[in-house]
Amino acid sequence: MSDLSSLTSSAYQQALEVIASVEPRIAEATRQELVDQRASLKLIASENYASPAVLMTMGTWFSDKYAEGTVGHRFYAGCQNVDTVEALAAEHARELFGAPYAYVQPHSGIDANLVAFWSILAHRVEGPWLEKFGAKNVNDLSEADWESLRAELGNQRLLGMALDAGGHLTHGFRPNISGKMFHQQQYGTDPETGLLDYDAVRAKAKEFKPLVIVAGYSAYPRRVNFAKMREIADEVGATLMVDMAHFAGLVAGKVFTGDEDPVPHAHLTTTTTHKSLRGPRGGMVLATEEYAPSVDRGCPMVLGGPLSHVMAAKAVALAEARQPGFRTYAQSIADNAKSLAEGFLKRGAKLVTGGTDNHIVLLDVSSFGLTGRQAESALLDSGVVTNRNSVPADPNGAWYTSGIRLGTPALTTRGFGHDEFDKVAELIVDVLTNTEPGTTSAGAPSRATYVIADGVADKTKSAAAELLDKHPLYPGLDLA
Ligand code: DSN
Numbered sequence: 001m002s003d004l005s006s007l008t009s010s011a012y013q014q015a016l017e018v019i020a021s022v023e024p025r026i027a028e029a030t031r032q033e034l035v036d037q038r039a040s041l042k043l044i045a046s047e048n049y050a051s052p053a054v055l056m057t058m059g060t061w062f063s064d065k066y067a068e069g070t071v072g073h074r075f076y077a078g079c080q081n082v083d084t085v086e087a088l089a090a091e092h093a094r095e096l097f098g099a100p101y102a103y104v105q106p107h108s109g110i111d112a113n114l115v116a117f118w119s120i121l122a123h124r125v126e127g128p129w130l131e132k133f134g135a136k137n138v139n140d141l142s143e144a145d146w147e148s149l150r151a152e153l154g155n156q157r158l159l160g161m162a163l164d165a166g167g168h169l170t171h172g173f174r175p176n177i178s179g180k181m182f183h184q185q186q187y188g189t190d191p192e193t194g195l196l197d198y199d200a201v202r203a204k205a206k207e208f209k210p211l212v213i214v215a216g217y218s219a220y221p222r223r224v225n226f227a228k229m230r231e232i233a234d235e236v237g238a239t240l241m242v243d244m245a246h247f248a249g250l251v252a253g254k255v256f257t258g259d260e261d262p263v264p265h266a267h268l269t270t271t272t273t274h275k276s277l278r279g280p281r282g283g284m285v286l287a288t289e290e291y292a293p294s295v296d297r298g299c300p301m302v303l304g305g306p307l308s309h310v311m312a313a314k315a316v317a318l319a320e321a322r323q324p325g326f327r328t329y330a331q332s333i334a335d336n337a338k339s340l341a342e343g344f345l346k347r348g349a350k351l352v353t354g355g356t357d358n359h360i361v362l363l364d365v366s367s368f369g370l371t372g373r374q375a376e377s378a379l380l381d382s383g384v385v386t387n388r389n390s391v392p393a394d395p396n397g398a399w400y401t402s403g404i405r406l407g408t409p410a411l412t413t414r415g416f417g418h419d420e421f422d423k424v425a426e427l428i429v430d431v432l433t434n435t436e437p438g439t440t441s442a443g444a445p446s447r448a449t450y451v452i453a454d455g456v457a458d459k460t461k462s463a464a465a466e467l468l469d470k471h472p473l474y475p476g477l478d479l480a
C-alpha cells in the first residue's frame, strides 16, 4: 500500500507540473480542491471519494477517441481498444449486479434515465404496435403511421415518487424533461410515518394506468420493496424502472438483497456510478434481455458519443466493487447511517421517518427554528458540507426547504465508524442549536440569513479537523 501511495504521489505531482506548464491556475485549483476536500466533513449523500486507480483511468488518451455505436458495431474506425474497455465494463456490471444486460455508455444519471425512458417507448413501438400497423420493423412504417405513433407516444403516462417525498427531478418532476415528455403523476409517502405506502401507490397506479412506474429515490432514508413495486406494475401493465443511483453501492455490496435488490424485479434499472458505488462520474442502464435492443440505441438516440475514458474508469471501479472488501464497505455505510441517526435522536433532533435503514439521514431542521438554507450555510461555515433538502409537504418549498440531507458513503470511505458518526451528530446539533435566523436588510424575518453564536464555527472546525486527521483522505498522497 505504501508503494502504491508513493507511486500515486509522484504521478499526481508530475501530472500537476505538466498541467501547470500550460495553465498554472488550473493546477493550483486542482491542488486546492484536494486540500479543501481533505479538510471538511463531507456528508453530501450523493458524493464519495473514488480510488486513485479510478481517477487516473479517466486522465488518458481514451478521451480522444470517438466511438459511437456499440461493441463491434461502431460508426468510427479504430475502436478495437474502446471495444475492450466497454465490453469489460459491461461484463463487470452484469456479474456484479446479476443483470442480463448492461449498457455502460450514459454520461450521467439523467442520461441513463433518458435512455431508459426512450427505450421503453421504442420497445412499445416494436411490440404490438408494429402489428397494428402491419409492419415488420420500424423502417416499414409510413409517414402517416409515424404521425399516429407520435401522437400516441406523446400521450403516455409516468408515475414516479414526488420530489418532496424523496424522489428525483427525473422521475416526472415538471421542470425536468421527464415531466414534459410524459403525462405524469406522483406518489408520496404516508403523512404520519413518512414511509412509502404501497397500497396508496397501487391505488394511484390503478387509477392512472401509467406506461412507466419509476421507483427509487434521492432523499428517502428507507429501503424499498421492489418485489411489491413490480407486482403493482404487473397489475396495471406498466414497465417498472428503478433508479438506484443513490444506493447502487448497497446493492453491489449485498446489503440490499431479495425484495430490496431492484435488479431481479425491474425491467430496467438505472444508476450513476459515482455515488455509493464509488466509481467515476457517469451512468449505466441494466436491463432484461427484452429491453436490451432498445437500450442499446441510447447513442445516438439521446446520448452523444461514449466517453471511453470514463467507461474505462467504470470498468476499474466495478472490478473494485467485485472484491470482497466492498461488501464490508457497503455494510459500514448502512451501519454508520444508523449511528448518525441514533446520534441525532438521542440529542432530541427530528428525523424524517424517525431514522434510516439505508445511507441517508434526513434531518428536519424546523425544530431548531431554521430553514434548510440557513442550516446548510451555518454548517458550511463550520466545516460541515451537507445539502438542504425538502421534507414531505415542505412549507418552505424546494429553494429554502426545511431539511438537511446527510449521507455516509464518503466519510465511510475515509474510515469513519460508529464513534466518529456519533461525534458528527453532536457537532451538527451544537451548530444548529447555536444558530438563529437572521433578518432581511429591511429588518423582516429572513429564510436565508442566520447568525451563529460567537466561537461555535471555529470550535466545530477544530473538532472536525481532529476527526479528519485520524482518517486522512488518500493517505500517503503528498503534493507538497
Ligand atoms: N445530484 C444528485 C443528488 O445529489 O442526489 C442526484 O441527481
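1 is the number of the first residue of the sequence shown in the numbering used here; add one for each residue after it.
From the three backbone atoms N, C-alpha and C, an ideal C-beta is built for every residue, glycine too.
1) Near S108, which residues of its chain fall below 6 Å by C-beta distance, leaving aside the five closest residues on each side in sequence?
2) Between the segment 219–226 and the segment 355–367, do at least 3 Cβ pairs fall closer than 8 Å?
3) How many Å lie between A227 and H246 at the Cα?
4) Please determine whether the Cβ atom of H73 lies at a distance below 7 Å from any heavy atom of ligand 1.
5) Is any heavy atom in ligand 1 found nearer than 7 Å to the beta carbon of H168?
6) Which complete alpha helix (DSSP H) runs does the segment 24–59 hold, if anything under 4 residues is left out?
7) What residue does the alpha helix (DSSP H) around M229 start on, and which one ends it?
8) Kindly identify the DSSP beta-bridge partner or partners of L351.
9) Quick check: the Cα distance between A29 and L479, rounded to an integer number of angstroms?
10) If you drop the 5 nearest sequence neighbours on each side, which residues of the same chain put their C-beta closer than 6 Å to that of E436?
11) Reducing DSSP to helix, strand and coil, say where M1 ends up.
12) Can you determine whether any heavy atom of ligand 1 sits closer than 7 Å to the C-beta of A464, and answer yes or no?
13) Would you mind sorting V365 into buried or exposed? The rule is 16 or more other CB atoms within 10 Å of its CB.
14) Could you have a look at L477 and say whether DSSP puts it in helix, strand or coil?
15) Count the other CB atoms within 10 Å of the CB of S46; is the residue buried (16 or more) or exposed (fewer)?
16) Tell whether a beta-carbon distance below 8 Å holds between Y474 and T412.
17) Please indicate yes or no: does the CB of S46 lie closer than 7 Å to some heavy atom of ligand 1?
18) Considering Cα atoms alone, identify which of R388, L467, L318 and G354 is closest to E86.
19) Closest Cβ-Cβ distance between V54 and chain B: below 8 Å?
20) Measuring straight from C-alpha to C-alpha, what distance separates R388 and E131?
21) Would you kindly work out how many angstroms separate the C-alpha atoms of L286 and F117, rounded to a whole number?
22) Whose C-alpha, out of T460, I44 and D259, is nearest the C-alpha of E231?
23) Just the Cα atoms here: how many angstroms apart are T269 and Y103?
Looking at the coordinates:
1) The beta carbon of S108 sits closer than 6 Å to those of G283, all from its chain and outside the five residues before and after it, given in chain order.
2) yes
3) 19 Å
4) no
5) Yes - ligand 1 has a heavy atom lying nearer than 7 Å to the Cβ of H168.
6) Correct list: 24–38 and 52–58.
7) DSSP places M229 inside the alpha helix (DSSP H), whose first and last residues are F226 to V236.
8) Paired residues: L363.
9) 13 Å
10) V451
11) Because the pLDDT of M1 is 41, which lies under 50, any placement of that residue in the model is unreliable, and the number read from its coordinates should be weighed accordingly. It is coil, neither helix nor strand.
12) no
13) buried
14) Per DSSP, reduced to three states, the secondary structure at L477 is coil, with no helix or strand assignment.
15) buried
16) no
17) yes
18) L318
19) No chain B appears in the structure shown, which is made up of a single protein chain.
20) Answer to the nearest angstrom: the Cα atoms are 50 Å apart.
21) 13 Å
22) D259
23) 10 Å
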